[in-house]
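Asker: Just passing along the structure, written as structure tokens.
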Amino acid sequence: TANTTEPSTALPSTITTTTAEWITDYTDILSRFSLRTAEVPDDDTCYIVPGRPETIAKCNFNLETQTFLVIHGWTVTGMFESWVPKLVAALYEREPSANVVVVDWLTRASQHYPTSAAFTKLVGRDVAKFVTWIQNELRLPWERIHLLGYSLGAHVAGIAGDLTDHKISRITGLDPAGPTFEHADKQDTLSPDDAQFVDVLHTNTRGSPDRSIGIKRPVGHIDIYPNGGTFQPGCDIQNTLLGIASEGIKGLQNMDQLVKCSHERSIHLFIDSLLNAEQQSMAYRCNSKEAFNKGLCLSCRKNRCNKIGYNINHVRTARGAKMYLKTREMMPYKVFHYQVKVHFFSESAQSFTEQPMKISLYGTNGEKEDIPFVLPVLNSNTTVSFLLTTDVDVGDLMIVKLLWEKDAILSWSDWWGSSRVHIRKLRIKSGETQSKVIFGAKDGEFVHLVRGGEAGVFVKLKEDQLSRKEKLMHKLKTQGSLFKND
Ligand SMILES: *[C@@H]1O[C@H](CO)[C@@H](O)[C@H](O)[C@H]1NC(C)=O
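Residue 1 is where the sequence shown starts when you use UniProt numbering, and the numbers rise one by one after that.
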């Protein structure tokens, strides 16, 4: 364990306590710690230097409040990316008296990726020294320290947490980097052992595990995969090219955005949770993306659902538990999730795949008409469950309309005019309110649905009585004080 100041020396892997000597050696710290202000969120105006207590006062560090450390990731330009001041400003908007410290490790972060990735160990050490020093110096409670790390910065936060004996109260991993970390040991990556509570947003996990920009596997107490975690809405090539076309040369910078759009969405989802708390996105625990997309995972029982971002309930779920949600393509990102369950009757045997449909929701607050979706399979006398989302808060659902569109291919059944099904009941469960409502025909037993015909109209028949209590409990949890946020 000698000679620990040599950058090329491997870390003493056995260090688990903060009483080790290395942690008070500030001579080899290369990272800088800038206490930004709400007034100037985009510039480093004052550095807090470990070992120099006078810098704490000079920077007007607030002793009475919590401290956020924002840790950036790999950078091509060697400069802070534009999200940094946005996140700083959003943190101050939400917690005006907080200390928002930006960790500057730009020099080490602008090397070849594998080199920068290897530097996370040393930067994590720097951060561990900084938080340990400032905590000792000011006798700050550890509960007041929250690290937010993006991409490689998430692993920096994890390593720092590991070296401080996981005393840090919270680490938020914003799409932790995948390459070289997917199969790495937990001391080298963000892991649930690194803080009292570790929450992670995975937003760009496309490709094979070795190629994915964001890490695929769960690395926190709660791992959330917005839109499946692979790729984010609004980040497609068309949108980016549109930006280039309309903005000319300036739009060319958006090429960079094309690569980073889904990766960086993790940060903007977090900013959204800071700024738009009244439009809180909810995530739901689920075993697979496929099951989630069938609407099968909208339960909130036993902490199966949670808020995402800043306001998350600190639930330490079983390791490896994944949570999912859908989002809009821009802020505020919140959508409302519904499971729709429907049984299709028909006299003659019918079987369809990929059927285009439109559904309209009418509620006590508002309406959303013609939400398009594709029903993967429609067979006679079988029940189908699917996920439906809308960005409009319609309130309590009262009326639902379902339209079966003609698809491009004219099939034989269309020819004979027999693409007809009958629906007795439509069951809709709301993820956001936890209510379960049964809909049926206004008159008669069935609603008839004809391909290419008129929309079937369903009215609310009754609310599931059992769901009332759950709904109330859920309301208390999400809005009341039943659930303490720590
Ligand atoms: C579907 O069920 C109904 C009622 O049980 C029955 O009359 C009908 O023949 C069934 N259709 C098919 C295709 O099996």
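A virtual CB, placed ideally from N, CA and C, is assigned to each residue, including glycine.
Going by the C-beta, is N379 closer than 6 Å to any heavy atom of ligand 1?
Answerer: Reading the sequence shown from its first residue, position 379 is the one you call residue 379. Placement of the Cβ of N379 at a distance of 6 Å or more from every heavy atom of ligand 1 is found.
Asker: Compare the C-alpha of I359 against each of V400, T327, H343, V335 and name the closest.
Answerer: Walking along the sequence shown from the start, residue 359 turns up at place 359. Out of V400, T327, H343, V335, V400 has the C-alpha closest to the C-alpha of I359.
Asker: If you draw a straight line from the C-alpha of K216 to the C-alpha of E182, how long is it?
Answerer: As a first step, residue 216 is located in the sequence shown; it is residue number 216 there, counting from the start. As a first step, residue 182 is located in the sequence shown; it is residue number 182 there, counting from the start. Spanning the two alpha carbons is a distance of roughly 7 Å.
Asker: Within its chain, find whatever has a CB closer than 8 Å to the CB of S110; leave out the 5 residues flanking it on each side and keep chain order.
Answerer: Working through the sequence shown from its first residue, we reach residue 110 at position 110. So the qualifying residues of the chain are W74, T75, V76, T77, G78, S116.
Asker: Taking G207 as the reference, give the member of D370, P179, A277 with the closest Cα.
Answerer: As a working note, residue 207 is residue 207 in the sequence shown. When only C-alpha atoms are compared, the closest one is P179.
Asker: Thinking C-alpha only, which one of G234, V457, G229 is nearest K322?
Answerer: Translated into the one-based positions of the sequence shown, residue 322 becomes position 322. The shortest Cα separation from K322 among G234, V457, G229 belongs to G229.
Asker: Between which two residues does the alpha helix (DSSP H) carrying T382 extend?
Answerer: Locating residue 382 in the sequence shown gives position 382, counting from the first residue. Not the alpha helix (DSSP H): T382 falls in the beta strand (DSSP E), residues 382-390.
Asker: Suppose contacts are defined by Cβ-Cβ distances below 7 Å. Is G320 in contact with P218 by that definition?
Answerer: Against the sequence shown, residue 320 aligns to sequence position 320. Against the sequence shown, residue 218 aligns to sequence position 218. The answer is yes: Cβ separation under 7 Å.
Asker: Of all the options S262, M331, E264, R265, which has the alpha carbon lying nearest to the alpha carbon of E278?
Answerer: For the purposes of this step, residue 278 is taken as residue 278 along the sequence shown, with counting starting at 1. Among S262, M331, E264, R265, the Cα nearest to that of E278 is on M331.
Asker: For A128, does the three-state DSSP call read helix, strand or coil?
Answerer: Residue numbering aside, residue 128 sits at position 128 when the sequence shown is read from its first letter. Here A128 sits in helix by DSSP.
Asker: Determine which residues share a DSSP beta bridge with W404 and list them.
Answerer: Here residue 404 refers to the residue found at position 404 when the sequence shown is read from its first residue. In DSSP, W404 forms a bridge with M357.
Asker: What does the Cβ neighbour count give for H394, buried or exposed, with the cut at 16 atoms within 10 Å?
Answerer: Working through the sequence shown from its first residue, we reach residue 394 at position 394. As written in the sequence, residue 394 is Val, which differs from the His given in the question. The residue in question, V394, is buried, as its Cβ has 16 or more Cβ neighbours within 10 Å.
Asker: Out of W105, T364, C305, I134, which has the shortest C-alpha to C-alpha gap to L122?
Answerer: Taking the sequence shown and counting its residues from 1, the one referred to as residue 122 is at position 122. Closest option to L122, Cα to Cα, is W105.
Asker: Flag A349 as yes when its Cβ comes closer than 6 Å to any non-hydrogen atom of ligand 1, and as no otherwise.
Answerer: As a first step, residue 349 must be located in the sequence shown, where it is residue number 349. Flag set: Cβ of A349 near ligand 1.
Asker: Quick one: what does DSSP say V103 is sitting in, helix, strand or coil?
Answerer: Counting from 1 along the sequence shown, the entry for residue 103 is found at position 103. Three-state result, V103: strand.
Asker: On the DSSP letters alone, give me the boundaries of the alpha helix (DSSP H) that H155 sits inside.
Answerer: One-based indexing of the sequence shown puts residue 155 at position 155. Looking at the DSSP string, the run of the alpha helix (DSSP H) that includes H155 is 152-163.
Asker: According to DSSP, which residues form a beta bridge with T172?
Answerer: Here the question's residue 172 lines up with position 172 in the sequence shown. Answer is L148, D199, bridged to T172.
Asker: Between D126, V88, H72, which lies nearest to D25 when the distance is taken from Cα to Cα?
Answerer: On the sequence shown, residue 25 is found 25 positions in, with the first residue counted as 1. Of the candidates D126, V88, H72, the one whose C-alpha sits nearest the C-alpha of D25 is D126.
Asker: Relative to the C-alpha of V437, which candidate in D396, E445, L476, L174 has its C-alpha closest?
Answerer: On the sequence shown, position 437 is the one that residue 437 refers to. Among D396, E445, L476, L174, the Cα nearest to that of V437 belongs to D396.
Asker: With respect to the beta strand (DSSP E) encompassing R420, which residues constitute its N-terminal and C-terminal limits?
Answerer: Position 420 of the sequence shown, counted from the start, is the residue given in the question as residue 420. Looking at the DSSP string, the run of the beta strand (DSSP E) that includes R420 is 420-430.
Asker: Between which residues of its own chain and D387 is the CB-CB distance below 6 Å, once the five residues before and five after are set aside?
Answerer: To locate residue 387, count along the sequence shown from 1; it is residue 387. For clarity, residue 387 is Leu in the given sequence; the question names Asp instead. Excluding positions up to five away in sequence, the list reads N293, G295.
Asker: Taking Cβ positions, are A98 and Q66 nearer each other than 7 Å?
Answerer: Taking the sequence shown and counting its residues from 1, one reaches residue 98 at position 98. Taking the sequence shown and counting its residues from 1, one reaches residue 66 at position 66. Going by C-beta atoms, A98 is nearer than 7 Å to Q66.
Asker: Compute the Euclidean distance between the alpha carbons of H474 and L274, then round it to the nearest angstrom.
Answerer: Working through the sequence shown from its first residue, we reach residue 474 at position 474. Working through the sequence shown from its first residue, we reach residue 274 at position 274. Each residue's alpha carbon lies about 21 Å from the other.
Asker: Count the other C-beta atoms from every protein chain shown that fall within 10 angstroms of the C-beta of V84, then say buried if there are 16 or more, exposed otherwise.
Answerer: Here residue 84 corresponds to residue number 84 of the sequence shown, with the count starting at 1. Its Cβ being crowded by 16 or more others within 10 Å, V84 is buried.
Asker: Leaving out five residues on either side along the sequence, give the residues of the same chain with a beta carbon under 8 Å from the beta carbon of H263.
Answerer: Locating residue 263 in the sequence shown gives position 263, where the first residue counts as 1. The residues are S151, D175, T203, N204, I213, G214.
Asker: N45: which of P53, F344, L472, N60 sits nearest, CA to CA?
Answerer: Looking up residue 45 in the sequence shown gives position 45. Sequence inspection shows Thr at residue 45; the Asn mentioned does not correspond to that position. Cα-wise, what sits closest to T45 is N60.
Asker: What are the boundary residues of the alpha helix (DSSP H) that includes T67?
Answerer: As a first step, residue 67 must be located in the sequence shown, where it is residue number 67. Not the alpha helix (DSSP H): T67 falls in the beta strand (DSSP E), residues 67-71.
Asker: Going by Cα to Cα distance, which pick from V88, S419, D188 is closest to I271?
Answerer: Residue 271 sits at position 271 when you count from the first residue of the sequence shown. Selected option, being the one with the closest Cα: V88.
Asker: Quick check on DSSP: helix, strand or coil for M323?
Answerer: Within the sequence shown, the letter at position 323 stands for residue 323. Correct three-state label for M323: strand.
Asker: Compute the beta-carbon to beta-carbon distance between T172 and D199, rounded to the nearest angstrom, for a pair I have assumed lies under 8 Å.
Answerer: Working through the sequence shown from its first residue, we reach residue 172 at position 172. Working through the sequence shown from its first residue, we reach residue 199 at position 199. About 5 Å separates the two Cβ atoms, so the contact holds.
Asker: For V315, which residues from the same chain have a beta carbon less than 6 Å from its beta carbon, with the 5 sequence-adjacent residues on both sides left out?
Answerer: One-based indexing of the sequence shown puts residue 315 at position 315. Taken in chain order, the residues that qualify are N303.
Asker: Take V377 as the anchor and find which of T353, N365, A160 has the nearest alpha-carbon.
Answerer: On the sequence shown, residue 377 is found 377 positions in, with the first residue counted as 1. The shortest CA-to-CA distance from V377 to any of T353, N365, A160 is the one to T353.
Asker: Can you tell me which of the three DSSP states K368 falls into?
Answerer: Residue mapping note: residue 368 aligns to position 368 of the sequence shown, counting from 1. Of the three classes helix, strand and coil, the one that applies to K368 here is strand, per DSSP.
Asker: For chain B, check one thing: does any of its Cβ atoms lie closer than 7 Å to the Cβ of V102?
Answerer: In the structure shown, chain B cannot be found, because there is only a single protein chain.
Asker: Sort out for me which residues DSSP pairs Q339 with in a bridge.
Answerer: Stepping through the sequence shown from its first residue, residue 339 is reached at position 339. Note: Q339 sits in a beta bridge opposite L387, K429.
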